[in-house]
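Quick note, the numbering used here runs 4 ahead of the 1-based positions in the sequence shown.
Accompanying notes for the structure given below.
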Amino acid sequence: HESRTVPNRGSKKGGVGRVPVGVGRRRLRIVVTGGAGFVGSHLVDKLLARGDDVIVIDNFFTGRKENVMHHFGDPKFELIRHDVVEPILLEVDHIYHLACPASPVHYKYNPVKTIISLLNYKTNVMGTLNMLGLTKRIGARFLLTSTSEVYGDPLEHPQKETYWGHVNPIGVRSCYDEGKRTAETLTMDYHRGAGVEVRIARIFNTYGPRMCLDDGRVVSNFVAQAIRKQPLTVYGDGNQTRSFQYVSDLVDGLMALMGSEHIGPFNLGNPGEFTMLELAQVVKETIDTSARIEFKPNTDDDPHKRKPDISKARELLNWEPKISLREGLPLMVSDFQNRILNENEGKGN
Ligand code: NAD
Ligand code: UDP
Ligand code: UDP
Numbered sequence: 005h006e007s008r009t010v011p012n013r014g015s016k017k018g019g020v021g022r023v024p025v026g027v028g029r030r031r032l033r034i035v036v037t038g039g040a041g042f043v044g045s046h047l048v049d050k051l052l053a054r055g056d057d058v059i060v061i062d063n064f065f066t067g068r069k070e071n072v073m074h075h076f077g078d079p080k081f082e083l084i085r086h087d088v089v090e091p092i093l094l095e096v097d098h099i100y101h102l103a104c105p106a107s108p109v110h111y112k113y114n115p116v117k118t119i120i121s122l123l124n125y126k127t128n129v130m131g132t133l134n135m136l137g138l139t140k141r142i143g144a145r146f147l148l149t150s151t152s153e154v155y156g157d158p159l160e161h162p163q164k165e166t167y168w169g170h171v172n173p174i175g176v177r178s179c180y181d182e183g184k185r186t187a188e189t190l191t192m193d194y195h196r197g198a199g200v201e202v203r204i205a206r207i208f209n210t211y212g213p214r215m216c217l218d219d220g221r222v223v224s225n226f227v228a229q230a231i232r233k234q235p236l237t238v239y240g241d242g243n244q245t246r247s248f249q250y251v252s253d254l255v256d257g258l259m260a261l262m263g264s265e266h267i268g269p270f271n272l273g274n275p276g277e278f279t280m281l282e283l284a285q286v287v288k289e290t291i292d293t294s295a296r297i298e299f300k301p302n303t304d305d306d307p308h309k310r311k312p313d314i315s316k317a318r319e320l321l322n323w324e325p326k327i328s329l330r331e332g333l334p335l336m337v338s339d340f341q342n343r344i345l346n347e348n349e350g351k352g353n
C-alpha cells in the first residue's frame, strides 16, 4: 500500500517526505513528547489513526500509561520512558514537543513548589533545547506547545499573537509562564540561527477525557466535584473569565499547524468566554443540578480574563474550533465517572 508519491506540501528539507503512502500522503515517523499526558494521548490517537508511526517520550510525571495502553501491541506505536531533560538520539520526521509539568496544582499548591518550579525550568529549557538539538541534527520539523499563559494577566482583550504579554517575573505562577516564554525564544533562535523548521502553538484552556483528575484545573475540579457530590469550589468572586476548548479541536489545530507552511505563533483556543460562575452553572446543568457552590480565596496573580483572537489560525490554517462548552462537557463525564468509580473501588480493597 505504500506506493503513491504525492507532492509534499509541508516539507522543505530532507527529514520529511521519505516514505510514500497510498492514502494520498506519505507515512511519517513522529515523536510526541508528553504523549502519555492528556493532550498528547489524544494527539497520538489521531496520528496513529491517520496511518503514521508514533514514538511517545514521557517520564510519567503527570501522564499515565493508561492513556496510551490501548496502542500496546500496535507495531506503529512505541513508548519510551525518558526525561526530555536528558539527550536522546532518534530518527524521525516530526516532533510534537508537549512535555511539561503542566498542571497548576503542581506549581501553585504543592508544598515543594521550588522543586516543581525547577522541574518546570529544566523541562521547558533543557528539554526544549534537547528536542531542538535533535530536530536540527536530523533535519526534522518541530512543534512547540506553548500557552496562553505567555500573555500573563493580559492588558489586551481578546489576545492576539502580536501581544507581548503582561507577566510578573517573580509571581507564584511565573515558572510556568516564563518557562514557556523561554521555550518560545529558544525555538525562534534555533529557527533563525540554525534554519530549523519550527511551529509554535499558544494553547488556551483545554478540557476533555483523560484530563488529570486532581490536577487543580477548574474544569477537572468542577466535573470531579459534581460527580463526587462535593461543592464546586469557585476561587475569588468567580467573575474572572476563561475560554474553554475541547481537546479534539486542539488536536486538529496542532496537526493543521504542523502540516502548514506557517511558523506561528498561533493561538489555538475556543473564543467562547465564560466566567467561572457561568462554567459552574454549565457543569451543574450537565451533571447535577443540585450541586452547591463554595467560594474559596483566589491565588495571587490569577489572570482576570482570557480569550483568544483566532483570526490568524482561521485565515492561515483554515482552522476553528467546532465544539462548544455545552457540547464538549458531556463528552468527558463518563471517563471521569469511570475513573472516580475505580478510585473508590481501589480504596475499598
Ligand atoms: P499533561 O500534564 O497531561 O501532559 C504533559 C505530559 O508531559 C505528561 O504526560 C508528563 O508526564 C510529561 N512530562 C512532563 N515533564 C516531562 C519530562 N521532563 N520528560 C518527559 N515527559 C515529561 O498536560 P497537557 O494538558 O496534556 O499539556 C500538554 C502540553 O500542552 C503542555 O506543554 C502544556 O503546557 C500545553 N498546554 C496545555 C493546556 C491545557 O489546557 N491542557 C493549555 C496550555 C498549554
Ligand atoms: N541533542 C539531543 N539529540 C540529538 C542532538 C542533540 O538530545 O540528536 C541535544 C544535545 O545533547 C544538546 C542539545 O540537544 O544538549 C542542543 O544540541 P545542539 O547541537 O544544538 O547544541 P550543542 O550540542 O552544540 O551544544
Ligand atoms: N478556579 C476555580 N476553582 C477551581 C480551580 C480553578 O475557580 O477549583 C479558577 C482559577 O482561579 C482561575 C480559573 O479557574 O481563575 C482557571 O484556572 P485553571 O487553573 O484551570 O487555568 P489557568 O488559570 O491556568 O487558566
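Just so it is clear, CB atoms sit at the ideal spot from N, CA and C, and this is done for glycine as well.
The model shown is predicted, which means the values in this text are computed figures rather than measured ones.
- Bridge partners of E82 according to DSSP: I59.
- One thing to note: A40 has its Cβ within 7 angstroms of the Cβ of V72.
- Taking all protein chains in view, the Cβ of E265 is surrounded by fewer than 16 other Cβ atoms within 10 Å, so the residue is classified as exposed.
- By the rule of a C-beta closer than 6 angstroms to any heavy atom of ligand 2, the residues picked out are P91, I92, L93, L133, N134, G137, L138, K140, R141.
- In this structure, the CA atom of R246 is about 6 angstroms from the CA atom of K311.
- Taking the Cβ atoms as the reference, L272 lies roughly 6 angstroms from A317, within the contact range of under 8 angstroms.
- In this structure, L102 has its beta carbon less than 6 angstroms from a heavy atom of ligand 1.
- Out of S294, D305, N209, the CA that lies nearest to the CA of L236 is found in S294.
- When secondary structure is reduced to three states using DSSP, G156 falls in the strand class.
- Distance from the C-beta of A40 to the nearest heavy atom of ligand 1 is below 6 angstroms.
- According to the DSSP assignment, R54 belongs to the alpha helix (DSSP H) that extends over 42-54.
- Beta-bridge analysis with DSSP links N243 to no other residue.
- In terms of side-chain proximity, the C-beta atom of V171 is found no nearer than 6 angstroms to any non-hydrogen atom of ligand 1.
- Apart from the 5 residues on each side of it in sequence, L321 sits with its Cβ closer than 8 angstroms to the Cβ of G257, A260, L261, S264, H266, F270 in its chain, given in chain order.
- For A205, the uninterrupted beta strand (DSSP E) run begins and ends at 201-207, by DSSP.
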